[in-house]
Amino acid sequence: MGRRLVALWAVLLAGLLVPLPAAAQEDGARPQGATLRVGLQQQIDSLNPFLGYTLASTDIFRSIYPTLTTYRAEDFEVEPELAEKWDTSPDKLTWTFHIRPGVKWSDGQPVTARDAAYTFNRMMTDPAASTANGNFVENFDTVTAPDDRTLVIRTKTPQATMLAIDAPIVPEHVWSKVTDVADFTNDQMPVVGSGPFVLTGYRPEQDVTLTANPDFWRGPAKVAQVQFIQFKNSDAAVQALRKGDVDVVQKLTPAQFDALAGESDIQQVKGQGRRFFEMILNPGAANSQNEPIGSGHPALKDVRVRQAIDHAIDRQALVDRVMGGYAQAGGGYLPPIFGDYHWNPPQPRAFDLAEANRLLDEAGYPRGADGIRHTPQGEPLNFDFVLHGNISADIQVGEFVKRWLAELGIGVELQPVSDNQLQDRTTGGDFDMVISGWSANPDPDYVLRLQTCAARPSPSGGGNADSFLCDQQYDDLYERQLGEFDKAARVDLVNQAQARFYDQAAGLILFYQNSLEAYRTDRYAGFTLQPAQDGVIVAQQGYWGYYGAEPTEAAVNGTSGTDYSTVAWVLGGVVVLVGVVVALVFVRRRATADTRE
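Residue numbers (our numbering): 10 to 606.
Set out below in C-alpha cells:
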C-alpha cells in the first residue's frame with residue numbers, strides 16, 4: 010500500500026510540475042508574429058561565448074553570433090557564412106578570408122574583419138577567452154585585418170580544420186570594454202549580435218528569449234521570437250508539450266517518445282544523434298607533467314584488464330533493453346551521422362565472457378575458491394562506477410555492467426552522483442569507471458584531441474581530457490590528420506587514430522543514441538532538419554532548425570506563451586509556491602557529460 014501511495018504521488022507531482030499561465034514579458038510586449046517555444050532540459054552554463062560549453066549555450070550562440078563558415082543544413086558540408094570566400098597560400102600556412110559586405114551588428118554597427126581579428130587575438134592572448142574554443146586558435150601564429158573586408162590568419166603548421174572554426178565572433182566595440190572575460194556575464198539585454206536572432210531576454214534557470222533580427226543578411230526568420238524554456242526534467246517538458254505550453258521538446262527518453270505516438274497535434278522526430286555514450290576505464294590518470302592524479306584502480310592500467318571488461322559488455326543488449334532500440338551499438342569513436350569519419354572495428358571485441366576470463370587470468374587476477382578475483386596482493390578485485398544519478402539510462406547501464414562483471418568475479422559499486430560531482434570526479438581522475446559522452450562535430454578534430462596527452466590538465470588544473478589516455482602512437486596519428494588536406498588521406502589517418510583508441514580500451518563507446526524530439530503540428534508545419542535525411546531540429550551545427558521553422562496561422566495569431574517563473578506544487582491540499590531565481594554560474598571547466606558540446 011505504501012509503495013502504491015508513493016507511486017501515486019510521483020505521478021501527481023509529474024502532472025503538477027507544469028507552468029502556470031503566462032505573465033507579461035519583463036522587457037515589454039512580444040513582437041507581432043509566432044513565438045517558437047522550445048522545452049529545454051539542459052544547463053545554460055554561460056551566456057558569454059568565450060566561456061559557454063553546453064549544448065544549450067552553443068545552440069544559442071550559433072543563433073546570435075556570426076562564424077566564418079557554417080555547415081550546410083542538407084549534409085554538413087562547409088559553406089560560406091560571414092566569410093563569403095577564402096584563399097590559402099601554397100604552403101597552407103596563410104589563410105585569407107573575405108568578409109561578406111553589408112553585414113551589421115544588431116546595434117547598427119558594421120561587422121568587419123577587425124571584429125574577427127579581435128575575437129581570435131583575444132582567444133590567443135587571454136586565457137579566460139580561450140576557455141570554450143581555445144583549441145581552434147592553438148596553432149595560430151598571427152591574425153590580422155589589413156582592412157574591413159580582409160582577415161588574414163597565419164598558422165604555425167598546416168591546419169586542415171581552417172574551414173571548421175565555428176567559434177563565435179564578437180563585436181570589438183562591445184567586448185574591448187570588457188576587462189575581465191571570466192567575470193563578464195553578458196546578460197545585459199539586448200545582447201549585440203548579427204545572427205538570425207538577437208538575445209533580448211534572460212531569466213536564470215527559467216527562460217532565454219531570442220528576437221528575430223530583421224537585418225540578418227539571409228533575410229528575417231519566419232518566427233518573431235524563439236524562447237528556450239528550462240525544465241528540471243523531461244517529464245515536465247513532455248507534459249508542457251501535451252498541454253500546448255511549448256512547441257518543441259528534445260532529449261526524450263525512449264518511453265516518452267513511444268508514449269507520444271498517435272497523439273493529436275504532436276509529431277515525433279527520430280534523428281541520428283551527434284553524441285556517443287561512453288564508459289571510461291581509468292588508464293592511470295596523470296597531469297601534463299605525468300604526475301599521477303585521482304584514485305583509479307591500478308588494475309585498470311593494464312590494457313588486458315580493460316579489454317576483458319569490454320568483452321563482458323553486450324552492446325546490443327544495452328541498445329535493445331536500455332535504449333528501446335533507439336540507438337546503434339557502439340564501435341568506433343565517431344558517430345554514424347558523420348559517414349566519412351565513422352569507423353567500425355573490422356574485428357570488434359564481441360560479448361565473450363570466456364575471452365574476458367582468459368584475459369583476466371593472463372593479466373594475473375585469478376579467481377579464488379569463492380569465485381572472486383583477487384589482485385596480486387590478495388585483495389578482492391572491485392571497481393567503483395560513477396554515474397549520473399538523475400539519468401535513468403546511466404543507472405540501467407550500471408546495473409547491466411555490474412551483473413556482467415560479477416560473472417567474471419569482479420565486484421562493482423555503483424555510485425550515482427549529481428552532475429557537478431560526476432564532473433569533478435571525472436576531471437580529477439577520481440574514478441575507476443565513469444559514464445561520459447560528447448557531441449561530435451562534422452570535423453572530428455575537436456573530439457579527437459580530447460584523447461591526446463595535450464588535453465590533460467596542468468598541475469594547476471584546467472585541461473580538457475576525456476579518458477586520460479596518453480599514448481604516443483595515438484598522438485602521432487592525431488597530429489598527422491590535423492595537417493592532412495587530402496580528404497581521403499585524412500579519413501584514413503582518422504580511422505587509424507580511432508583504431509588505436511579502440512585497441513587501448515580506455516574509452517568504451519557503448520552506443521550512439523538517436524536524437525528523439527517532438528513538436529506541435531497545430532503550431533508548426535515543419536522545420537529545417539540537419540541533415541536532411543534523419544536530421545534533427547534542436548542543437549544542430551548551425552541555426553537552421555529555428556531559422557527555418559514554419560509557423561501555422563494558429564502560431565502567428567496565438568497567445569503569448571507561458572511564464573515559468575513559478576510552479577505550483579499541491580501536497581495534501583497545501584499549495585507551495587516556489588519562485589526560483591538562481592544566479593547564473595559561469596564555469597571554467599568542461600560541461601557535464603550529458604550536456605557538453
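Even for Gly, the Cβ is constructed at its ideal location relative to N, Cα and C.
Query: Could you tell me whether the Cβ atoms of G420 and N391 are closer together than 7 Å?; Result: yes
Query: Would you report the Cα separation of G282 and A378, rounded to the nearest angstrom?; Result: 46 Å
Query: Mapping DSSP to helix, strand and coil, what is P263?; Result: helix
Query: With distances taken between CB atoms, is the gap from D256 to I238 smaller than 7 Å?; Result: no
Query: Touching or not, the region 182-202 and the region 163-174, by the rule of three or more beta carbon pairs under 8 Å?; Result: no
Query: Is P67 helix, strand or coil when you go by DSSP?; Result: The sequence shown places Thr at residue 67, not Pro. Correct three-state label for T67: helix.
Query: I need the boundaries of the beta strand (DSSP E) containing K94, first residue and last residue.; Result: 92-97
Query: Who are H397's beta bridge partners in DSSP?; Result: V426
Query: Between which two residues does the beta strand (DSSP E) holding I162 run?; Result: 159-164
Query: Could you check whether the Cβ of V146 sits closer than 6 Å to any heavy atom belonging to the ligand SAM?; Result: No copy of the ligand SAM occurs in the structure displayed, which carries no ligand at all.
Query: Quick one, which of Y528, N566, L538 has its alpha-carbon nearest G557's?; Result: L538
Query: Closest to C479 by C-alpha separation, out of N473, A415, R465, would be which residue?; Result: R465
Query: Taking C-alpha atoms, which residue in Y487, S469, V443, W447 lies nearest to C462?; Result: Y487
Query: Got a sec? Which residues, its chain only, sit under 7 Å from L327 by beta carbon, not counting five neighbours each side?; Result: V406, F409, L519, F520
Query: Where does T170 sit, in a helix, a strand or coil, going by DSSP?; Result: coil
Query: When you compare the CB of D323 with every CB in chain D, is at least one pair closer than 7 Å?; Result: No chain D appears in the structure shown, which is made up of a single protein chain.
Query: Does the Cβ-Cβ distance between T3 and Q236 come in under 7 Å?; Result: This structure gives no information on residue 3, because the portion of the chain shown stretches from 10 to 606.
Query: Can you name the residues that DSSP bridges to K279?; Result: L525
Query: By how many angstroms is the C-alpha of R367 removed from the C-alpha of V87?; Result: 48 Å
Query: Excluding the 5 residues preceding and the 5 following V47 in the sequence, name in chain order all residues of the same chain whose CB lies nearer than 6 Å to its CB.; Result: F237, V257
Query: Tell me the DSSP bridge mates of H383?; Result: P389
Query: What residues in its chain sit with their C-beta under 7 Å from that of S467, if we drop five residues either side in the sequence?; Result: N296, S297
Query: Would you give the residue range spanned by the beta strand (DSSP E) that F206 belongs to?; Result: 206-212
Query: Mind checking which residues open and close the alpha helix (DSSP H) that includes G554?; Result: 553-556
Query: How long is the line joining the alpha carbons of N148 and Q168, rounded to whole angstroms?; Result: 8 Å
Query: Restricting to Cα atoms, I'd like to know which of K241, Y74, L417 is closest to D361.; Result: L417
Query: Measure the alpha-carbon distance for D54 versus A245 and round it to whole angstroms.; Result: 21 Å
Query: If you reduce the DSSP assignment to three classes, tell me which class P155 lands in.; Result: strand
Query: When the Cα atoms are used, what is the spatial distance from N291 to V395?; Result: 11 Å
Query: Suppose you measure from the CA of I426 to the CA of A65; what does that come to, to the nearest Å?; Result: Strictly speaking, residue 426 in this sequence is Val, with Ile absent from that position. Approximately 22 Å between the Cα atoms of the pair.
Query: Would you mind stating whether P375 and M332 have Cβ atoms separated by less than 7 Å?; Result: no
Query: Around the Cβ of Q386, are there at least 16 other Cβ atoms within 10 angstroms (buried) or fewer (exposed)?; Result: exposed
Query: Quick one: residues in its chain with C-beta nearer than 6 Å to the C-beta of T220, no 5 flanking neighbours on either side, listed in chain order?; Result: V207, T209, Q234
Query: For F160 versus A125, is the C-beta distance shorter than 7 Å?; Result: One point to set straight first is that residue 160 is Leu, not Phe, in the sequence displayed. Contact flag set, yes.
Query: Please look up how many angstroms separate the CB atoms of Y555 and A230, rounded, as I've assumed it's under 8 Å.; Result: 7 Å
Query: Report the start-end ranges of each beta strand (DSSP E) in the region 299-347 that is 3 residues or longer and not cut off at the edges.; Result: 336-338
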